[in-house]
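Peer 1: Residue numbers (this note's numbering): 201 to 650.
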Amino acid sequence: MHSYDEFTDRMARAVLEYTYERLRLDPVPLDRSVKPEELDARVGNWINAHGNDPEAVLRVFEDVLAPAVISIDSPRFLSFIPAAPTKASLLFDMVVSASSLSGISWLEAAGAVYAENQALRFLSDLAGLPASAGGCFVSGGSAANLSALVVARETARAKRPWVPRWRFAVGDQSHSSITNTARILDVDLLFVDAGERERLTGDALRRALRNDGDPESICAVVATAGTTNAGIVDDLASIADVCDEHDLWFHVDGAYGAAALLAPSARPLFAGIDRADSMIVDPHKWLFAPFDCAALLYREPARAKAVHAQQASYLDVIHDDDGEWNPTDYAYHLTRRARGLPLWFSLAVYGSDAYRDAIETVLSTARAAAARVRAQPHLELLREPELSIVLFRRSGWDADDYNAWSTRLLDEQIAFVTPSRWRGEPVARLAFLHPGTTIEIVDEILATTA
Ligand SMILES: *Cc1c(COP(=O)(O)O)cnc(C)c1O
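Next comes the structure, spelled out in structure tokens:
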């Protein structure tokens, strides 16, 4: 299993040939020719005592398993938050795998950590955080939110050790991972009503704190820079003011939206993000990196290190030199793959202007789609898109109609579009992220609502 022999060579050629073909798909079709309910009958159990021919195993992946996956990197995938990794980032992910890079510590992996930190510096500068800011890449926004908010709670605990039970103040549109984080940390949530516009403001937060019986127990405020359902950016600057007034940790969840910091047409929405104590952005979403990759940044990384660095005698050696940066110290993980490298390589190859242009293209497509919706009498645009998510209603449709429409779009391989809710009502939702999604695709989709 560990030597490069004739068997390995045959397997390498077959696997590389497959990846070569997969990378060349352009556009990636919305394949799902194999239905999930057929898998039991068509796959069979491949794990036995003796192993199998690698080409046969690869064939079942290629012929049955891969076509049972809805290609998330298709320009016709407009559900949830899609993905659109660049070719360079996908290729370099293969290099990271082939090199067995562990990105735990400077001692083991200085070269990988150095490059990851360049990518983090780029993101930190985009947000306007100070030069001393830093962090690490983790598996996703959920892991990043959890890691940041532990630091927020521990920082408050050091200041007010008598508080028996902590709370986070969050907008009512914050991501589900914040609720999960609170449950994991055994912290309660103060939901602040973001109002009609579903945009959390400093005024609403200030009012909520004033009306609250126990503001001392609040240790952090979570603002969302691009809500997942509607792409709305909270009023970060006014929220930062309130955090200053009350000495609260200011966390910005930009998992989906903060990529638009790169787009001049959207940058003003993020005013105040430079005042965050911690912020996150998922390169595996709108920064076109492969899964799984979230950037986690702290204004004062030393606070995170004090909370997250694992102490064990066999690890002492990685902490001998205070000047050495260990990504493991900045989140709840220990072992980690150097998952920031595909982003670093891709940024280095294409340059940040190409990213800016790709993100602007997506924003334009979303604005054009909104205009198309507005132009159709049987459709109702629910609000102008701030980022790249378009919510609309089809008059006369109930939840079943939206679900049937979604199934039809997928069955006919027109698009993968799943319904959502807006103020409790079922609605259609288009989440744009792939720069290859054209207005013609949008027209094809809208034509099916007639
Ligand atoms: C996607 C998302 C998350 C969760 O990120 P994962 O990478 O899926 O764990 C958190 N917050 C927001 C706003 C998101 O859009």
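We put the beta carbon where it would ideally sit given N, CA and C, even for glycine.
1) Starting from the C-beta of Gly-457, find all residues in its chain whose C-beta is less than 7 Å away, skip the five residues before and the five after it, and write them out in chain order.
2) Taking 6 Å as the cut-off, is the CB of Asp-453 close to at least one heavy atom of ligand 1?
3) Going by DSSP, what residue range makes up the alpha helix (DSSP H) through Phe-616?
4) Would the beta-carbon of Leu-582 fall within 7 Å of that of Trp-622?
5) Using the Cβ count rule (16 or more neighbours within 10 Å means buried), how would you classify Ala-310?
6) Taking Val-243 and Val-257 to be in contact with their CB atoms under 8 Å, please state how far apart those CB atoms are, rounded to whole angstroms.
7) The alpha helix (DSSP H) spanning Pro-197 covers which residue range?
8) For Ile-518 and Asn-526, I'd like the C-alpha separation in whole angstroms.
9) Can you determine whether any heavy atom of ligand 1 sits closer than 6 Å to the C-beta of Tyr-204, and answer yes or no?
10) DSSP three-state call for Leu-448: helix, strand or coil?
11) Quick one: give me the first and last residue of the alpha helix (DSSP H) that Pro-254 is part of.
12) Leaving out five residues before and five after Pro-577 in sequence, what residues of the same chain have Cβ atoms less than 6 Å from its Cβ?
13) Return the Cβ separation of Leu-349 and Ala-420 in integer angstroms, given the expectation that the two are a contact with Cβ distance under 8 Å.
14) Alpha carbon to alpha carbon, what distance is there between Ser-342 and Tyr-498?
15) With distances taken from CA atoms, which of Ala-408, Pro-483, Leu-469 is nearest His-446?
16) Taking the alpha-carbon positions, what's the Tyr-602 to Leu-390 distance?
17) Any heavy atom of ligand 1 closer than 6 Å to the beta-carbon of Thr-428?
18) From Leu-633, Asp-522, Thr-649, pick the residue whose C-alpha is nearest to that of Leu-307; which is it?
19) DSSP on Met-211, reduced to helix/strand/coil?
20) Looking only at C-alpha atoms, which of Gln-511, Ala-356, Ala-599 sits nearest to Leu-534?
21) Just to confirm before moving on: does the CB-CB distance between Lys-485 and Ile-641 stay below 7 Å?
22) Which residues mark the beginning and the end of the beta strand (DSSP E) in which Thr-607 is found?
23) Residues in its own chain within less than 8 Å of Arg-556 by CB, not counting five upstream and five downstream?
24) What's the gap between the Cα of Ser-478 and the Cα of Asn-252?
25) With C-beta atoms as the reference, is Leu-496 less than 7 Å away from Ile-480?
26) Three or more C-beta pairs closer than 8 Å, one from the stretch 259-278 and one from the stretch 623-643: is that the case here?
27) Using the Cβ count rule (16 or more neighbours within 10 Å means buried), how would you classify Arg-383?
28) As an exercise, report each continuous beta strand (DSSP E) stretch of at least 3 residues that is fully enclosed by the stretch 261-342, in chain order.
29) Hey, quick one: how far does the alpha helix (DSSP H) through Val-642 stretch, first residue to last?
30) Are there 16 or more other CB atoms within 10 angstroms of the CB of Thr-648, so buried, or fewer, so exposed?
31) Note the first and the last residue of the continuous beta strand (DSSP E) segment covering Asp-388.
32) Decide if Gly-402 is buried, meaning its Cβ has at least 16 other Cβ atoms within 10 Å, or exposed.
33) Can you find a heavy atom of ligand 1 that lies under 6 Å from the Cβ of Tyr-532?
34) Is there at least one non-hydrogen atom of ligand 1 closer than 6 Å to the beta-carbon of Ser-342?
35) Let me know if Gly-686 comes out buried or exposed under the rule of 16 or more other beta-carbons within 10 Å of its beta-carbon.
36) Identify the continuous beta strand (DSSP E) that holds Val-481 and give its terminal residues.
Peer 2: Let me lay it out:
1) Ala-425, Gly-426, Gly-431, Val-433, Leu-587
2) yes
3) Element bounds for Phe-616: n/a, residue is neither H nor E.
4) yes
5) exposed
6) With a Cβ gap of about 11 Å, Val-243 and Val-257 do not count as contacting.
7) There is simply no residue 197 to check, as the chain begins at 201 and stops at 650 in what is shown.
8) 8 Å
9) no
10) coil
11) 254-260
12) none
13) 6 Å
14) 16 Å
15) Ala-408
16) 33 Å
17) yes
18) Asp-522
19) helix
20) Gln-511
21) no
22) From DSSP, Thr-607 is part of no beta strand (DSSP E) but of the alpha helix (DSSP H) over 599-611.
23) Leu-462, Ala-463, Pro-464
24) 48 Å
25) yes
26) yes
27) exposed
28) 334-338
29) 639-647
30) exposed
31) 388-392
32) buried
33) no
34) yes
35) There is simply no residue 686 to check, as the chain begins at 201 and stops at 650 in what is shown.
36) 478-481
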